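Note sheet for the following structure.
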Amino acid sequence: MAEEFQAAWTALGTHLERWSTSPKASRPNRNEMVSVLKALDSAWATFEERYITELVQIEATSRNHLKRAIELETRLTHLEDQGGKHLPEHQEVRHALVSAMSHMNSVANVSGKGRDDLSVEVLIEAELYIGRCNPVSLGRRESALGSTASSVLATDVVESFDAMRQYLREVSRCMERVDPHLGNNSGLVSRLQDWEESWGVGTAYLQKKPVLHALCDAVAEIQRVQAVAPKLANMFEECDVELFMVLPRMVWLRFLAEPSQQSALMAQLLPHRFAVDSVAGTVKRFELCAFQEKYKEIERSLANMCETPMETPTKSLEWVRAMLAKRVVNGVDAPASDIYGDMREVCVHEAKVLVDGFIHELEAWSMELQRHCPEDWNQYSALLVHCLEAEEEMTGNQPFVV
Numbered sequence: 003m004a005e006e007f008q009a010a011w012t013a014l015g016t017h018l019e020r021w022s023t024s025p026k027a028s029r030p031n032r033n034e035m036v037s038v039l040k041a042l043d044s045a046w047a048t049f050e051e052r053y054i055t056e057l058v059q060i061e062a063t064s065r066n067h068l069k070r071a072i073e074l075e076t077r078l079t080h081l082e083d084q085g086g087k088h089l090p091e092h093q094e095v096r097h098a099l100v101s102a103m104s105h106m107n108s109v110a111n112v113s114g115k116g117r118d119d120l121s122v123e124v125l126i127e128a129e130l131y132i133g134r135c136n137p138v139s140l141g142r143r144e145s146a147l148g149s150t151a152s153s154v155l156a157t158d159v160v161e162s163f164d165a166m167r168q169y170l171r172e173v174s175r176c177m178e179r180v181d182p183h184l185g186n187n188s189g190l191v192s193r194l195q196d197w198e199e200s201w202g203v204g205t206a207y208l209q210k211k212p213v214l215h216a217l218c219d220a221v222a223e224i225q226r227v228q229a230v231a232p233k234l235a236n237m238f239e240e241c242d243v244e245l246f247m248v249l250p251r252m253v254w255l256r257f258l259a260e261p262s263q264q265s266a267l268m269a270q271l272l273p274h275r276f277a278v279d280s281v282a283g284t285v286k287r288f289e290l291c292a293f294q295e296k297y298k299e300i301e302r303s304l305a306n307m308c309e310t311p312m313e314t315p316t317k318s319l320e321w322v323r324a325m326l327a328k329r330v331v332n333g334v335d336a337p338a339s340d341i342y343g344d345m346r347e348v349c350v351h352e353a354k355v356l357v358d359g360f361i362h363e364l365e366a367w368s369m370e371l372q373r374h375c376p377e378d379w380n381q382y383s384a385l386l387v388h389c390l391e392a393e394e395e396m397t398g399n400q401p402f403v404v
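Under this note's numbering, the first residue of the sequence shown is numbered 3, with each subsequent residue one higher.
Structure follows, in structure tokens:
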């Protein structure tokens with residue numbers, strides 16, 4: 003069609019040129035001009051019709067990603083309404099819906115990463131955590147220390163999926179309002195972004211048990227520190243900027259105190275410190291081991307300075323760890339009595355020098371934790387804050403926007 007229009011346009015140009023440059027007797031007559039103009043008009047109309055038809059087809063194809071997800075959501079709702087939630091067909095349709103959402107996310111999520119690798123397995127895992135259908139895999143320690151953290155992550159996964167389903171149900175009633183460029187639909191993009199973030203975190207933590215246990219342990223430890231250092235609780239309530247300087251120090255303290263609980267997570271945040279397959283990796287690991295040994299020496303030294311001997315070595319370690327946590331939270335300007343109040347007075351100066359030197363060294367490790375991979379650290383610190391918030395945001399209550 004474009005070639006026909008181009009030919010008609012060229013013919014008109016030729017006739018106009020003859021009209022303007024040729025003698026009067028050689029100029030095209032009226033019938034010739036009318037014929038050329040009719041040919042041009044016909045070619046243009048044909049071209050315009052084909053162009054609009056193809057544009058409509060392109061727009062329809064663009065919406066097909068959304069239509070496919072809507073069809074699957076409708077089938078899934080029907081199965082659930084009929085009591086078929088445990089049928090194989092329900093699992094198949096839900097798997098297909100998640101795949102359709104993942105593909106649509108790669109096309110439309112202009113505000114996020116556009117990931118297309120998020121699978122239904124993370125949803126299944128989240129439902130197990132929420133329903134406690136798999137208590138053996140959770141383990142006693144996680145249940146005792148930080149089940150709230152795993153519950154928060156699991157709830158986020160399920161709620162973001164339910165919110166996407168609610169969006170699909172509502173948008174199915176006004177498809178004419180959907181921009182064929184799916185990334186221009188702010189409501190869709192917002193839902194997809196929330197879904198991608200929640201499921202990305204779920205994939206990174208819920209599906210990796212050692213990392214999840216480390217997160218739960220860290221959340222439980224921060225809760226314990228909040229009890230002995232109320233300033234930390236205030237930081238969380240006010241989301242104080244100082245909190246994000248204290249958090250990496252707290253993470254390091256917990257790793258140094260209980261490396262077996264935190265190693266899986268720290269290896270994810272600082273992989274170069276745990277590598278053993280290169281000379282550089284061996285050196286980095288050696289530096290970390292030396293830092294751990296120094297911490298153990300400080301623990302032993304401080305434990306001997308307690309004013310009243312503790313009942314057990316475990317109690318002594320708890321006292322030392324609480325003292326170090328208070329120092330990290332309250333800072334260098336805190337009154338000595340707030341930190342070293344239970345210590346023999348003759349030992350306070352020596353302890354202060356020892357602790358201040360350790361905190362100074364800890365700061366370098368804290369900066370490394372934040373800067374080695376800022377994206378991973380920001381995600382983890384935001385996750386800690388989210389798990390410790392008093393009130394969780396409900397994703398499903400957002401007003402509908404196309």
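Each residue gets a CB set at the ideal place from its N, CA and C atoms; glycine is no exception.
As the structure is a prediction and not an experimental result, all values here were calculated from the model.
Counting along the chain, the unbroken alpha helix (DSSP H) around A324 starts and ends at 315 to 332.
With a cutoff of 9 Å on beta-carbon distance, L190 and Y169 are scored as near each other. If you draw a straight line from the Cα of A128 to the Cα of S318, it is about 38 Å long. Look at M307 here: in three-state DSSP terms it is coil, with no helix or strand label.
With the rule of 3 Cβ pairs closer than 8 Å, the stretch 288 to 299 does not count as touching the stretch 330 to 340.
Between the stretch 158 to 174 and the stretch 229 to 236 there are fewer than three inter-stretch CB-CB distances shorter than 8 Å, so the stretches are not counted as touching. V334 is a Cβ neighbour of D358, given a cutoff of 9 Å. Within the same chain, and ignoring the five residues on either side of E223 in sequence, the residues whose Cβ sits closer than 7 Å to its Cβ are R256. Following the DSSP letters along the chain, one finds Q372 inside the alpha helix (DSSP H) bounded by residues 350 to 373. Y342 and M325 have their C-alpha atoms spaced approximately 7 Å apart. Burial state of R52 is exposed, judged by a 10 Å Cβ sphere holding fewer than 16 other Cβ atoms. Using a 10 angstroms sphere on the CB of R96, the tally of other CB atoms reaches 16 or more, which defines it as buried.
Residue range 245 to 259 is occupied by the alpha helix (DSSP H) that includes V253.
Taking 9 Å as the cut-off, the Cβ atoms of H67 and E82 do not count as close. Residue pairing by DSSP places M345 opposite C308 in a beta bridge. For the pair F238 and E391, the CB atoms are nearer than the 9 Å cut-off. With a contact defined as Cβ atoms closer than 8 Å, G114 and Q195 qualify at about 4 Å. Burial state of L99 is buried, judged by a 10 Å Cβ sphere holding 16 or more other Cβ atoms. If you draw a straight line from the Cα of W11 to the Cα of P25, it comes to about 23 Å.
When C-alpha distances from L267 are compared across E94, E123, C218, E178, the shortest belongs to C218. Excluding the 5 residues flanking it on each side, L214 has same chain C-beta neighbours closer than 7 Å at S152, Y207, L208, in chain order. With the rule of 3 Cβ pairs closer than 8 Å, the stretch 70 to 78 counts as touching the stretch 99 to 108. Contact check for T150 and V248: beta-carbon distance about 20 Å, past the 8 Å limit, so the pair fails to qualify. Linking N31 to R179 through their CA atoms gives a straight-line distance of about 51 Å. Judged by beta-carbon spacing, V253 lies within the 9 Å limit of L371, meaning their Cβ atoms are closer than that value. In the DSSP assignment, G133 falls within the unbroken alpha helix (DSSP H) covering 123 to 133.
E363 is positioned such that its CB atom lies closer than 9 Å to that of K296. DSSP places K233 inside the alpha helix (DSSP H), whose first and last residues are 232 to 240.
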